[in-house]
Amino acid sequence: MEKGNVLVIGNSGVGKSTLINSVLGEEAARTDWGTHGTTTRLEIYESAGGQVPFRVIDTIGFEPNYFKERRAINAVKKWSRDCAREGGENNRIDVIWFCVDGTRSKLFAEDIRRMTRAVSMWKSVPVIAVITKSYSVPDREKNVEMVRKAFAGQKQFRDNLKDIIPVVAQIYTINDTAYAPPDGIAQLIDATNALMPEGRRAASHDLAEFVLKRKRVLAQSVVGAATAGAVVVGAVPLPIPDGVILTPTEAMEVNSLAKIYGIDGKDGSKRFLNSIIEAGTVGLAAKSIITILKGIPGINIAASALNAIIAGVIVAVIGETSIYAFEQVFLGKKSVEDTDWIKKIIESRIAETVTEKAKPILQNLSSSSDKKELQQAVLDLVRVLIGRQQDSDGGSGKDRQA
Ligand SMILES: Nc1nc2c(ncn2[C@@H]2O[C@H](COP(=O)(O)OP(=O)(O)OP(=O)(O)O)[C@@H](O)[C@H]2O)c(=O)[nH]1
Ligand SMILES: [Mg+2]
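Numbering-wise, the sequence shown is residues 881 to 1282 according to the working numbering.
So this is what it looks like as structure tokens:
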């Protein structure tokens, strides 16, 4: 079976590298007093004999210095993104060890806030809070309670916290007769192992979601460009019902989107892509748009603007619907054999877009509108059309602008 990955994060000097050595049973990771042995890059470790059934990833510690903190956060983020890009199973994070320093319990809440930013991509991965340097036995219970509170006080990872384990990774000598022996390491290994199956599922889920979001951002930029282009093409005074003039724009759009979702245009998928383009065939779609527009009282638009509007609506709907359909295929919820399904959605979405999104803008245009007003209206329309049409997670607004 493939080994899972544990990501270890925490402030600089909390004892991440020391902990890793203790868990893996050798001096694998570099540790030190002061700054000499400080970890400067992400490093993956595993036990030589393979006794420990997971890999452990050491990270750059967070420091209470803005730039160094950014560096540490960005290193983890970049590593996570690379994982998504290469589909690299090895970069996946199945369990997170959040390390906080048991001798500095006042800072727990702050530490946790800082760490959550670095691992924001792994939204559902289980977390074990490890309280390092738990030399004082009487303090342990208090510290556990403080970690619990600190986690409860923040939304993002509140439900991910599965365990809180105080540890001493290395014997800590107080004087000739007093010392704190290593503790909590076996418990940490057991707890991590127990969480692994859940962690793997969570990691796959987070990874898929991340990949899908990236794809959506790319796809939306394609739809935006194609729609803006179609409006210009549509403004060319040609009788629309004859116009196969948009077909190249549509084909380009649909094929670019298909590529983003890894739909290659071969065999079955070719029919699927064609039926999307056909459903948006200018003649048919335009007729239905004109019929709808005629049914709306008070709309009387110059022919050139009308053409531009029709072109924009068609290309925007084709694009947004393709994104939706390709996502469904990508997620395995629909198959490329389903050409009836896709045709029906496009038809209903064209109608819906005209009546819900375009209507208010068109109603503001009186028949006496001048050219400038018409142009502005078309631009407004494009903006409205390429706004989110289906938003499954509600949180992609920021991504779209990125
Ligand atoms: N005796 C003892 N010393 C510890 C323990 N944990 C950490 N230390 C000491 O704390 C110092 C920092 O530990 P590291 O493991 O290097 O800390 P780190 O989190 O990897 O630090 P960065 O790599 O800078 O982020 C070292 O001198 C360790 O020996 C422990 O359990 N026992
Ligand atoms: Mg280190």
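Heads up, the beta-carbon is just placed ideally off N, CA and C, and yes, glycines get one too.
Here the structure is a predicted model, which means the values were calculated and not measured.
Distance cut-off 7 Å: residue i Cβ against heavy atoms of ligand 2
i: E938; result: Looking at the sequence shown, residue 938 is not Glu but Asp. Yes, the beta carbon of D938 sits closer than 7 Å to at least one heavy atom of ligand 2.
i: G941; result: yes
i: K896; result: yes
Where residue i falls: helix, strand or coil (DSSP)
i: A1238; result: helix
i: R1343; result: Shown here, the chain extends from 881 to 1282; a query on residue 1343 therefore has no answer.
i: I1045; result: strand
i: F942; result: strand
i: T1233; result: helix
i: V888; result: strand
i: I924; result: strand
i: G895; result: coil
i: K1283; result: Absent from the model: residue 1283. The displayed extent of the chain is 881 to 1282, so no value can be given.
i: K1146; result: coil
i: I1225; result: helix
i: L1126; result: coil
i: K883; result: coil
i: I1156; result: helix
i: E906; result: coil
i: I1266; result: coil
i: D1273; result: Any reading at D1273 needs caution, since the residue's pLDDT is 38, under 50, leaving its predicted position unreliable; the model's value is listed next. D1273: coil per DSSP, three-state reduction.
Residue i CB to nearest heavy atom of ligand 1 below 7 Å
i: T1052; result: Sequence inspection shows Tyr at residue 1052; the Thr mentioned does not correspond to that position. Because some heavy atom of ligand 1 lies under 7 Å away, the Cβ of Y1052 counts as near it: yes.
i: V1027; result: no
i: A1049; result: yes
i: G905; result: no
i: S1228; result: no
i: S892; result: yes
i: T983; result: no
i: T1235; result: no
i: T1012; result: yes
Integer-rounded CB distance, given that residue j should sit under 8 Å from residue i
i: E1200; j: V1103; result: 6 Å
i: D974; j: G884; result: 4 Å
i: I937; j: L887; result: 5 Å
i: K1237; j: L1259; result: Contact doesn't hold; Cβ gap of about 14 Å is too wide.
i: I940; j: A955; result: 5 Å
i: F978; j: A1009; result: 5 Å
i: K1013; j: D981; result: 6 Å
i: V1007; j: D1086; result: That belief does not hold up - the Cβ atoms of V1007 and D1086 are roughly 13 Å apart, past 8 Å.
i: I1156; j: I1194; result: With 8 Å as the limit, I1156 and I1194 do not qualify as a contact, their Cβ atoms being about 11 Å apart.
Exercise. What beta strand (DSSP E) runs, 3 residues minimum, are completely inside the region 961-1027?
Worked result: 975-981 and 1007-1012
For this session: Tell me the start and end of each unbroken alpha helix (DSSP H) in the region 1166-1222 that is at least 4 residues and wholly inside, in chain order.
Result: 1183-1210
Problem set entry | Uninterrupted alpha helix (DSSP H) stretches inside the region 1031-1114 (no shorter than 4 residues) | 1065-1114
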